[in-house]
Amino acid sequence: MQPELQTANTGYGSVAIAPDSQKVLRNTYLLLALTMVPTIAGAWLGMATASIVTGSPILSFFLMLGAVIGLQFGIVRFRNSVIGIGLLLLMTGLLGWFLGPLLNYALTMKNGMQLVGYAAAGTGVIFFTMGAIATVTKRDFSFMGKFLFVGMIAVLLAAIANMFLQIPVLGLVVSTVVLVVFSLYLLHDLSRIVTGGETNYVLATTGVYISLLNVFTSLLHILMALTGERD
609 MQPELQTANT
619 GYGSVAIAPD
629 SQKVLRNTYL
639 LLALTMVPTI
649 AGAWLGMATA
659 SIVTGSPILS
669 FFLMLGAVIG
679 LQFGIVRFRN
689 SVIGIGLLLL
699 MTGLLGWFLG
709 PLLNYALTMK
719 NGMQLVGYAA
729 AGTGVIFFTM
739 GAIATVTKRD
749 FSFMGKFLFV
759 GMIAVLLAAI
769 ANMFLQIPVL
779 GLVVSTVVLV
789 VFSLYLLHDL
799 SRIVTGGETN
809 YVLATTGVYI
819 SLLNVFTSLL
829 HILMALTGER
839 D
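Plus 608 on top of the position in the sequence shown (first one is 1) and you've got the working numbering.
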């Protein structure tokens with residue numbers, strides 16, 4: 609028996625989504641909104657304690673990367689319990705803290721506040737655009753998963769290399785590729801929810817959050833490089 613379909617208003621008309629997928633999508637959005645609380649709190653703390661990261665940026669990066677990977681394994685292990693939600697919120701708080709020094713650097717520019725606002729607005733536009741595409745088309749974009757994973761590893765290696773090389777043009781290229789890869793990851797993850805490929809909202813939120821954070825930071829890096837006004 610086919611599941612009864614329910615309609616969801618996307619702003620592009622009403623489209624039919626299976627009730628189970630609609631529930632996962634709704635819970636994902638609600639949990640995603642909740643993750644903003646520890647992210648913002650972590651960012652404020654990170655701005656106040658930025659010297660911890662800026663003092664040893666490479667070591668801090670690898671420690672944070674290890675912590676995030678470890679927490680993601682924990683989230684997968686406890687994805688069906690409140691512990692998984694707690695680990696997700698802990699991860700978002702840590703990533704918010706790690707974001708603090710970048711925000712500090714942006715705000716040292718004359719138009720820094722505007723750039724942060726533009727990056728946040730751009731992230732929102734990309735998120736809602738990818739969500740609309742996934743919901744309206746209801747296509748399965750999971751075929752992109754392997755290519756995006758390879759792209760993510762490649763750009764991670766390039767970013768690590770540029771920590772030592774400090775080449776501005778390479779940094780701009782890396783940020784641009786990150787923007788493209790994680791914008792497509794958003795489409796990939798949201799389409800999996802809509803088509804029923806992802807049935808756990810904790811895992812769904814984890815993937816969407818990581819993509820949004822990378823979209824925001826890459827946009828901010830690009831804006832600072834191209835339009836940042838220094839004193």
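Even glycine gets a Cβ: it sits at the ideal position worked out from N, Cα and C.
- In summary, L640 is buried, with 16 or more beta-carbon neighbours lying within 10 Å of its beta-carbon over all protein chains present.
- The three-state secondary structure of D628, taken from DSSP, is helix.
- Rounded to whole angstroms, the separation of the alpha carbons of R634 and V816 is 13 Å.
- Less than 8 Å divides the Cβ of S783 from the Cβ of I830.
- Annotation for N719: no alpha helix (DSSP H) segment contains it, and DSSP assigns it neither H nor E.
- For V789, same chain residues with a beta-carbon under 7 Å away, outside a window of 5 residues either side, are L756, G759, M760, V763 in chain order.
- The beta carbon of R800 sits closer than 7 Å to those of S750, E806, all from its chain and outside the five residues before and after it, given in chain order.
- Under the DSSP assignment, F681 falls in the alpha helix (DSSP H) whose first and last residues are 665–685.
- In the DSSP annotation of this structure, I775 is not part of any alpha helix (DSSP H), being labelled neither H nor E.
- For N688, the three-state secondary structure derived from DSSP is coil.
- When secondary structure is reduced to three states using DSSP, G836 falls in the coil class, being assigned neither helix nor strand.
- By the Cβ-count criterion, M771 is exposed, with fewer than 16 other Cβ atoms from all chains shown falling within 10 Å of its own Cβ.
- Contact between the segment 652–660 and the segment 706–724 is present: three or more C-beta pairs spanning the two stretches fall below 8 Å.
- Per the C-alpha coordinates, the member of K746, I775, V823 positioned closest to Q630 is K746.
- Counting C-beta atoms within 10 angstroms of its own C-beta, N822 has 16 or more neighbours from the protein chains shown and is therefore classed as buried.
- Pairing I683 with L695 gives a Cβ-Cβ distance under 8 Å.
- S819 counts as buried, since at least 16 other C-beta atoms from the protein chains shown sit within 10 angstroms of its C-beta.
- Assigned with DSSP and collapsed to three states, F749 falls in coil, not helix or strand.
- Three or more beta-carbon pairs separated by less than 8 Å are not found between the segment 672–679 and the segment 725–735, which leaves the two stretches without contact.
- Here the C-alpha atom of Y793 lies approximately 29 Å from the C-alpha atom of L715.
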